[in-house]
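A.B. asks: Below are the C-alpha cells for one structure; questions will follow.
Number of protein chains: 2
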Amino acid sequence: MATNRRVTPRKRPSQGRSRATVEAIVQATARVLLKDGYEACTTNRVAEAAGVSIGSVYQYFPNKESLVVAVMERHLGQMQEALVRRLGEMADADLPTVVRGMVGGMLEMHRIQPKLHRVLLEQVPRIGAMKRLHELNDQYEPMVAAWLEAHQGELDLPSPSVAAYVMIAAVEGVVSRVMVEKPSWVELGLLEQQLTRLLLGYLAPHLAPPLKQAPTPARAAP
Amino acid sequence: MATNRRVTPRKRPSQGRSRATVEAIVQATARVLLKDGYEACTTNRVAEAAGVSIGSVYQYFPNKESLVVAVMERHLGQMQEALVRRLGEMADADLPTVVRGMVGGMLEMHRIQPKLHRVLLEQVPRIGAMKRLHELNDQYEPMVAAWLEAHQGELDLPSPSVAAYVMIAAVEGVVSRVMVEKPSWVELGLLEQQLTRLLLGYLAPHLAPPLKQAPTPARAAP
DNA sequence: CAGAATATCGAGCAAAAACTCACATTTTTC
DNA sequence: GAAAAATGTGAGTTTTTGCTCGATATTCTG
Numbered sequence: 346m347a348t349n350r351r352v353t354p355r356k357r358p359s360q361g362r363s364r365a366t367v368e369a370i371v372q373a374t375a376r377v378l379l380k381d382g383y384e385a386c387t388t389n390r391v392a393e394a395a396g397v398s399i400g401s402v403y404q405y406f407p408n409k410e411s412l413v414v415a416v417m418e419r420h421l422g423q424m425q426e427a428l429v430r431r432l433g434e435m436a437d438a439d440l441p442t443v444v445r446g447m448v449g450g451m452l453e454m455h456r457i458q459p460k461l462h463r464v465l466l467e468q469v470p471r472i473g474a475m476k477r478l479h480e481l482n483d484q485y486e487p488m489v490a491a492w493l494e495a496h497q498g499e500l501d502l503p504s505p506s507v508a509a510y511v512m513i514a515a516v517e518g519v520v521s522r523v524m525v526e527k528p529s530w531v532e533l534g535l536l537e538q539q540l541t542r543l544l545l546g547y548l549a550p551h552l553a554p555p556l557k558q559a560p561t562p563a564r565a566a567p
Numbered sequence: 346m347a348t349n350r351r352v353t354p355r356k357r358p359s360q361g362r363s364r365a366t367v368e369a370i371v372q373a374t375a376r377v378l379l380k381d382g383y384e385a386c387t388t389n390r391v392a393e394a395a396g397v398s399i400g401s402v403y404q405y406f407p408n409k410e411s412l413v414v415a416v417m418e419r420h421l422g423q424m425q426e427a428l429v430r431r432l433g434e435m436a437d438a439d440l441p442t443v444v445r446g447m448v449g450g451m452l453e454m455h456r457i458q459p460k461l462h463r464v465l466l467e468q469v470p471r472i473g474a475m476k477r478l479h480e481l482n483d484q485y486e487p488m489v490a491a492w493l494e495a496h497q498g499e500l501d502l503p504s505p506s507v508a509a510y511v512m513i514a515a516v517e518g519v520v521s522r523v524m525v526e527k528p529s530w531v532e533l534g535l536l537e538q539q540l541t542r543l544l545l546g547y548l549a550p551h552l553a554p555p556l557k558q559a560p561t562p563a564r565a566a567p
C-alpha cells in the first residue's frame, strides 16, 4: 500500500549557502531526469550531480519523490506564467487574433524545456507529483471557456467548456509531440500556422484561411 | 549505461498447462500495471497476482521488462487491428465519410483498455518497450498521408505528411485524454462529432458542418 | 508404467537504492 | 572570540527487488 508520504520540503534553507545547495539539488534533479530518465534518477546520483553529499539532500527533501515535485513545481510555474500572460494580453481582440495568440502562447510555453516536460509528463508516476500538472490545466481551460462563452453569439458552439477542452487537448497533443519529434516545424512557423487553421476551422470555418491559396473557389456547388 | 537486454520470451510453452501459466502471467501484469502503476509492478507482485511462483515467471520471461513488452505487444496489436480494418474499409469514400471513419476508428481502438493504454504510454520508460508503440504510429500515419495525397486536388494542403501528422496527433491528444477523464463524452457521440468537425474544418472548411445549426448564415459579408 | 521431458515451487542470494546518523565545518549571534 | 545554530559529510544500515537454483510435481511417450 502506497502510504501518502509528504512531498513538501523538510526544512527551509535560511542562509545563503544552503539556499544555493537547494538550488543546486533541484537543478541537478532536472538535469539527471533529462539525461537519464526517471528510473535512473536515484537520490545518490542527484547528490553526485549536484556536487553535494546525500546527507545534504535529505536535509531538505524528505524523499526522492519530493525532489521530482520540486522540479515539476518550478517547471510548470514557468509554463503557466508564459501562457497566462499571453492569454491576458488579448482579452478583447477579435477571433482570429485570439486564436493565433492562444496557439502562440501554447507554443511559447512549450519552448521551455520541452524534453524535461516530456519526462515529467510521461515517466513520473501518477501520484502526488501529478496534482500540480492538473492544476495547471484547470487554470487556463476555464479562461478559454470563458472567452468562448463571451463570444458565443458569433461562434455557434454546443458548449464552451467542451470546445475549450477539445481545443486545448488537441493543441497540447500536437505541440508536445512536435516539440520533441519535429522541432524544426516550430522554428519555421509551420506549426503555428497549422494549429491556428485547425482551431479556426473548428470554431468558425468561414473565417479559416486556406492552407496555401484557394484552389477550388467553387463553394456551394454539390 | 543501460545494456540492451533481451525482451523476448525465454521459452515457448508447449503443454496446455504452461500456456495457461503464461497467459495468467501476462494478464496479471496488465492487472497490476492498471491497479498500481508501473513502479509498483514488481515481478514478485505479478507472480502473486497470477497465482504462480516467481520461478515460473522467470521460466518464460527473462526479466521484468519483457513482461511489460508482452502486455504492450498484445494491447497495441488489438488497437492496430481495430484501426487498420476501419481505415481499409473506406479507401474510396468521399472526404466527410473518410474523416468520420478515421475518427470513429481511432475512438474505437481507444475503447480497448483506455487506462492500461495510458499507463503503457505514460509510465513505461522509453526503452525497448516503446519501439512497438512507434511502430503502430508509423504504420497508419502513412496510410492517412497517402489518402490525403491522392485527394490533394480537392483539399489544398501544404504537405500531406504534415497534415497527417497534425491530424493524428490532435485526435490522439484529445481521445487519449477524454477516454480517461470524460468517458461519457464518447458514449454520447459528442466526441465523434467534435473531432469530425475539427478535422473537416482543418482540411476543408467549406465542408465542415456547423457545430449545432447554422446561426449566422451570412458567409461572405465582411 | 517407467523414465524422460516439461513445468512449478519458493527460500534465499546479490545488487541497488533509499535513507540515517554521528561527527566535522561554517556562519551567526552576542 | 566563544558559544550556539545552521549546514555539510559520507560511511554504513535498511529495505526493496530482480533474479537463481535445487528440490518437487505433473505430463508425455514408447
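For the record, the sequence lines run as chains A and B.
Sequential numbering from 346 applies to the first sequence in the numbering used here.
Sequential numbering from 346 applies to the second sequence in the numbering used here.
For glycine and all other residues, C-beta sits at the position ideal for the given N, C-alpha and C.
Owing to the predicted nature of the structure, the values given are computational and were not obtained by experimental measurement.
1. Work out the CA separation of residue 539 (chain B) and residue 444 (chain B) for me, nearest whole Å.
2. So, at 6 angstroms on beta carbons, what are the nonlocal neighbours of residue 415 (chain B) in its own chain, with the 5 sequence-adjacent residues on each side left out?
3. Could you give the first and the last residue of the continuous alpha helix (DSSP H) run that contains residue 551 (chain A)?
4. Mind listing the chain B neighbours of residue 470 (chain A)? Cutoff is C-beta to C-beta under 8 angstroms, in chain order.
5. In chain B, which residues lie less than 7 angstroms from residue 519 (chain A) when you measure between Cβ atoms?
6. Please confirm whether residue 378 (chain B) and residue 465 (chain B) have their CB atoms less than 9 angstroms apart.
7. Check whether the Cβ of residue 496 (chain A) lies closer than 9 angstroms to any Cβ atom in chain B.
8. Using a Cβ cut-off of 9 angstroms (strictly closer), state whether residue 546 (chain A) contacts chain B.
9. For a cutoff of 9 angstroms on Cβ pairs, would you count residue 527 (chain A) as touching chain B?
10. Which residue wins for smallest C-alpha separation from residue 367 (chain A), given the options A:485, A:419, A:440, A:516?
11. Is any heavy atom in the ligand ZN found nearer than 8 angstroms to the beta carbon of residue 352 (chain A)?
12. By Cβ distance, which residues of its chain are closer than 8 angstroms to residue 438 (chain A), with the 5 residues on each side in sequence left out?
13. So the candidates are B:547, B:376, B:410; which of them puts its Cα closest to the Cα of residue 460 (chain B)?
14. Any beta carbon of chain B sitting closer than 9 angstroms to that of residue 530 (chain A)?
15. Quick check on residue 485 (chain B): does DSSP put it in helix, strand or coil?
16. Using a Cβ-Cβ cut-off of 6 angstroms (strictly less than) and excluding sequence neighbours within five positions of residue 516 (chain A), which residues of its own chain qualify?
17. Helix, strand or coil: which one does DSSP assign to residue 351 (chain B)?
18. Suppose you measure from the CA of residue 478 (chain A) to the CA of residue 400 (chain B); what does that come to, to the nearest Å?
19. Among the residues of its own chain, which have a CB less than 8 angstroms from the CB of residue 496 (chain B), if the five just before and after it don't count?
20. Which residues of chain B have a Cβ atom closer than 9 angstroms to the Cβ of residue 378 (chain A), listed in chain order?
21. So, using beta-carbon positions, are residue 353 (chain A) and residue 407 (chain A) closer together than 9 angstroms?
22. Strictly below 8 angstroms CB to CB, what residues from chain B border residue 542 (chain A)?
23. Curious, which full-length beta strand (DSSP E) runs of at least 3 residues does the region 402-476 of chain B contain?
24. My output table needs one value for residue 501 (chain A): the three-state DSSP class, helix, strand or coil.
25. Please state whether DSSP places residue 369 (chain A) in a helix, a strand or coil.
26. Alpha carbon to alpha carbon, how far is residue 404 (chain A) from residue 361 (chain A)?
27. Would the beta-carbon of residue 436 (chain A) fall within 9 angstroms of that of residue 454 (chain A)?
28. Any contact of the region 529-539 of chain A with the region 521-535 of chain B, i.e. 3+ C-beta pairs under 8 angstroms?
29. What does residue 535 (chain A) touch in chain B if you count any residue whose Cβ is under 9 angstroms from its own?
30. Could you pull the start and end residues of the alpha helix (DSSP H) that residue 385 (chain A) belongs to?
31. Enumerate in chain order the residues of its own chain whose CB-to-CB distance from residue 528 (chain A) is below 8 angstroms, with the five nearest sequence positions on each side excluded.
32. Taking only the alpha-carbon atoms, compute the straight-line gap between residue 409 (chain B) and residue 543 (chain B) and give it to the nearest angstrom.
33. Below 8 angstroms CB to CB, which residues in the same chain sit around residue 390 (chain B) once its five sequence neighbours on both sides are set aside?
34. In the DSSP assignment, find the unbroken alpha helix (DSSP H) run with residue 398 (chain A) in it and report its ends.
35. Measure the C-alpha to C-alpha separation of residue 383 (chain A) and residue 498 (chain A) and round it to an integer number of angstroms.
36. Looking only at C-alpha atoms, which of A:522, A:550, A:491, A:432 sits nearest to residue 462 (chain A)?
C.D. replies: Let's see:
1. The alpha-carbon atoms of residue 444 (chain B) and residue 539 (chain B) are separated by roughly 12 angstroms.
2. 371
3. Looking at the DSSP string, residue 551 (chain A) is not in any alpha helix (DSSP H), and its letter there is neither H nor E.
4. 382, 383, 384, 468
5. Within chain B, the residues whose beta carbon sits less than 7 angstroms from that of residue 519 (chain A) are 511, 514, 515, 518, listed in sequence order.
6. yes
7. no
8. yes
9. yes
10. A:419
11. The model depicted lacks the ligand ZN and carries no ligand whatsoever.
12. Excluding residues within five positions, the ones whose Cβ falls inside 8 angstroms are 446.
13. B:376
14. yes
15. helix
16. 451, 540
17. Under the three-state reduction of DSSP, residue 351 (chain B) is assigned to coil, being neither helix nor strand.
18. 40 angstroms
19. If you ignore the 5 residues before and after residue 496 (chain B), its C-beta comes within less than 8 angstroms of the C-beta of 440, all in its own chain and listed in chain order.
20. Within chain B, no residue comes near residue 378 (chain A); the closest Cβ sits about 12 angstroms away, beyond 9 angstroms.
21. yes
22. 547
23. Counting only runs of 3 or more, we get nothing.
24. Note: residue 501 (chain A) maps to coil in three-state DSSP.
25. Secondary structure of residue 369 (chain A) (DSSP, three-state): helix.
26. 15 angstroms
27. It is not a contact, given that the beta carbons lie outside the stated cut-off.
28. Short answer: they don't touch.
29. 503, 504, 507
30. First-last for residue 385 (chain A): undefined, no H or E at that position.
31. 459
32. Distance from the CA atom of residue 409 (chain B) to the CA atom of residue 543 (chain B), rounded to whole angstroms, is 41 angstroms.
33. 377, 381
34. Unbroken run through residue 398 (chain A): none, as it is neither H nor E.
35. 47 angstroms
36. The residue from A:522, A:550, A:491, A:432 with its alpha-carbon nearest to that of residue 462 (chain A) is A:522.
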